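Residue numbers (full-length UniProt numbering): 1 to 1198.
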């Protein structure tokens, strides 16, 4: 039997006796059978000595008692008593205690180095050889442990030094961590056995400069770093397997938490200083800036920070729980500056999500080929994600701690973003589970994904992947992310701060070279910069645009190389610049809107038209501003509608343009204000969808209409009157422009469904009648058409209906639709508000439009002639092939056919409307109503509000008055109406804004044109006044009656009506009254009066002044205004000079007074004055003297 086997048997028997498995007598008998020689007795003494140390360390009284009984039994029988006491220390308590004190003193207080190979070379070499062979072959741990015990006993090695040898071997064989963990578990009995050597090594690392270890001195820097890394990895494994306490390690490692916080603050301050330096030197160009970056100090190795090295080691072995505890002792994102930490984070995240990513994205496995990723050997039991919810639970916390440093591996970042995108797409099947992690995902998008994009340089594909994720969130959430990206994260990451300085410097360098000729080259450079940090780039670009208006075009063209994410960030930056409170949107000193707001609005309209950028944010911002009572941002909405749809603000329209408003949709799209919309279909659909999707269409209409009153009654008291007028005009024009866009592009069914009724708008939303009826007029017309078609279908039954039946059905449809509105209007209006006007007339006037009364035959013919001319040009064009020429011709012919059909439909519609009006004119006015009171109320409640609303409405008012006159409406005094309008223009002019004055001028111009058409020809006058009568005279026309009763005792009724010459006298008088109002306004000091009357004079120039003497008087006053305002109010000076120039061109078209009317005619003009006293007969002589005096004295009478 070998000696090793004998020792083993002796150890087993003694161990079983001490542990109580075998009795002392049985154990003694077993030992007696084995021990037959002195060598065996010596082995028994060594065994008892070893067991003595073990039982003393356990401090178990029962084990100690059984050990003493066994020693007493063996003493004197198997071994001599004296030798046994000499070797077994516990049998002599004082000697044992003394020896243990000396041993501990030597180990813990005197020992400074542990050079085991120098002291026991043969034993430690054998031990090293055993450990390496056994771990490579992965032999049984129990067998290896027995061999270690044998080497310890054979060479008398110190067990603690053997433990150090095992630790050293473990550092070189980290991939065998499971084997060494099992070995340590069997070898170590005390839990704190590793604490002392680990603490000693950590202390040595802290004092590396004082270390004189010759072996370490011979190592290179890379070898020393590798050795330290392996040491910290070993510590990480020991903590993971439970051999070391992490809290104890954190107390032994450096630096402290306070020192790390101070270091982070210092790094942030240094980054801010470097950013300022980069911004200062950025004007030199990118080369000089790069030189400044290269002069930065090299960062110390992460190994100098033991806590960071320990955390990295935990990540490298895949132990996230312990790594998290270490990171919790550091400032947030403290490890971002360490490349090793970033790499460890990325490797761990990649390992966890790779299998899931390949399963959900099979294309990725095809790109990788047949290669299958093997598990990392150094990782402990790391769980890979099997589902997206596992990713939320296991990976999201790691990514949150990693922060923007995940940009170290763009591949891992791309995988993670795509998985998150898949998670959001598949959330419908797992709503409850997903909702728990939704806030975490939002936080990752804000604090990790977006900042990590800034850490990369010009990664376009990653930006698009990130947009696929962010685009599934509402814009409010995305804009919050962008705001934090721009402000909050800069205070957390010094690297982001440095990156911002670099990007701004390069952006300045690029903007210096931007022009119309370099948009392609500079656009690429701007695109590259925006791929990584768009929120900084666009913030700088917008600031430059607001200062230099000529940059708008080049900047818009250069943005074509920008990603979708950058476009969305651009929309956020635009809103941020518009909402900055420190910027003044008004130049109060100049009474104008600030130039920066106008430039920014122009840029917004251009960029939203050219590129597919989400409009919801900007539209909602304008809506919120309107809710706050701020109307200046409507400039942005107007530019968006103008650029994206071609619908412009309607001001200074020509007669032809106004007539197209009366046409159908096809005519408007061909030659009208909607003609540009055909080339903007995509942008029009984008704008329409944004408005309808967010339910902002009706909201904006109502808010803009309400804002008009806010400007008048609230803002008007705070700003200059001129500026208040500009704000009112801008609000009103934007309202009309926006409403025209909706009416032209939103389906009429959808429009009627969304838009509230007129009475609701007036009662619930406090809109004025003109705005409410303007918005709801298309809806009422649509309902009437639907009801009319429904009645026709029921009655028609395959037969052609007579015109009388159609008229009857149309009247029935109108009555059914308008009756509820009439009842509501009775409730809304006060009893004494319109006592002379019936509600039926009021509703009829406001619900009709120019389309209902007038057919623009000239405009239709112009459009048709244009199409025919295009066909002729097409026939002569030889550049097109025969098939293309034929297709184009078919398209033109089809368009011509549509126009002809629309014109015919329009004619039929107008005839139906006029038939309806003829049927209800007798119910419009009360027969006993005073004519002057009736006209005053009609002008106040109907005509004046509508004629200043829009130039097309001004044209409609004239056509409505003409229609009432031609239909011989009972109790409608035409001449009284004209006299009421021309009696005193100055009172009306004083309360108009610039836009309203232009509309009112159009109204006066059309009235004067109508009057001059009657004035120019006697036959035309007679025909115009009796189109529905068989008589040749106008004596039977109710609009030209001069008295309401006949003179007593007289049978001659011819003098009860105005004849042709009397009408010419009255028209001459109205010209004098207009001249009087003009002179009153021009001689005043009021800016509003002078400006408005000049605008009206410009509008009515073709028809006023027509008398030479009146022209001279007006010219003199205009010249006075021009000279007086030259150095004071330049806008009035320019306006007066412009009118004077146009007036001079009209001198050859002036009339002498005797050519304008019969000066000496007295008798037939007698009763005209009764227009002003309805029921009285005025003396003819008095009237003649007044008329004669006013005619003979040109300027004196004025």
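For each residue, glycine too, the CB sits at the ideal point set by N, CA and C.
Predicted model only: the values in this text are computed from it and were never measured.
Where DSSP assigns a beta bridge to residue i, which residues make up the other side?
i	result
residue 1151	1107
residue 592	587
residue 925	837
Let me know the secondary structure DSSP gives residue i once reduced to three states.
i	result
residue 79	strand
residue 837	strand
residue 949	coil
residue 472	coil
residue 857	helix
residue 748	helix
residue 30	helix
residue 234	helix
residue 668	helix
residue 877	coil
residue 5	helix
residue 194	coil
residue 242	coil
residue 73	helix
residue 983	coil
residue 644	helix
residue 63	helix
residue 652	coil
residue 220	coil
Under DSSP, the alpha helix (DSSP H) around residue i begins and ends at which residues?
i	result
residue 1201	Absent from the structure is residue 1201, since the part of the chain shown begins at 1 and ends at 1198.
residue 21	Careful: residue 21 lies outside any alpha helix (DSSP H) and carries neither H nor E.
residue 566	564-578
residue 385	Where residue 385 is concerned, there is no enclosing alpha helix (DSSP H), given that its DSSP letter is neither H nor E.
residue 803	803-828
residue 343	339-360
residue 142	141-155
residue 312	306-317
residue 939	First-last for residue 939: undefined, no H or E at that position.
residue 1090	1087-1099
residue 916	882-920
residue 712	697-713
residue 162	159-172
residue 553	552-558
residue 534	534-547
residue 629	Where residue 629 is concerned, there is no enclosing alpha helix (DSSP H), given that its DSSP letter is neither H nor E.
residue 991	Looking at the DSSP string, residue 991 is not in any alpha helix (DSSP H), and its letter there is neither H nor E.
residue 1143	1130-1145
Inset, instruction - Check whether the stretch 885-903 touches the stretch 779-794, counting contact only when three or more Cβ pairs, one atom from each stretch, lie closer than 8 Å. - result: no
Inset, instruction - At 4 residues or longer, and completely inside the UniProt domain "THO complex subunit 2 N-terminal" (382-524): list those alpha helix (DSSP H) runs for me, N to C. - result: 396-402, 410-425, 431-436, 438-444, 450-455, 460-470, 475-486 and 494-511
Legend entry - Stretch-stretch touch, CB-based, cutoff 8 Å, three pairs: the stretch 376-393 with the stretch 304-314: no
Inset, instruction - Check whether the stretch 1080-1092 touches the stretch 994-1001, taking contact to mean three or more Cβ pairs, one atom from each stretch, closer than 8 Å. - result: yes
Legend entry - Cβ contact check for the stretch 871-881 and the stretch 971-981: 3 or more pairs under 8 Å: no
Inset, instruction - Decide yes or no for the touch test of the stretch 441-461 against the stretch 526-544: beta carbon pairs closer than 8 Å, at least 3 of them. - result: yes
Legend entry - Stretch-stretch touch, CB-based, cutoff 8 Å, three pairs: the stretch 509-516 with the stretch 466-486: no
Legend entry - the stretch 1122-1135 in contact with the stretch 1006-1019 per 3-pair CB rule at 8 Å: no
Inset, instruction - Determine contact between the stretch 707-723 and the stretch 750-760, defined as no fewer than three beta-carbon pairs at a distance below 8 Å. - result: With a cut-off of 8 Å, the stretch 750-760 and the stretch 707-723 do not count as touching, because too few Cβ pairs lie within range.
Inset, instruction - Would you be able to state if there are at least three C-beta pairs under 8 Å between the stretch 602-609 and the stretch 728-746? - result: no
Legend entry - Three-pair Cβ contact test at 8 Å for the stretch 235-254 versus the stretch 193-207: yes
Legend entry - Any 3 or more C-beta pairs closer than 8 Å across the stretch 610-627 and the stretch 560-570: yes
Legend entry - Segment contact, 8 Å Cβ cut-off, at least three pairs: the stretch 625-645 with the stretch 939-955: no
Legend entry - Segment contact, 8 Å Cβ cut-off, at least three pairs: the stretch 76-88 with the stretch 34-44: yes
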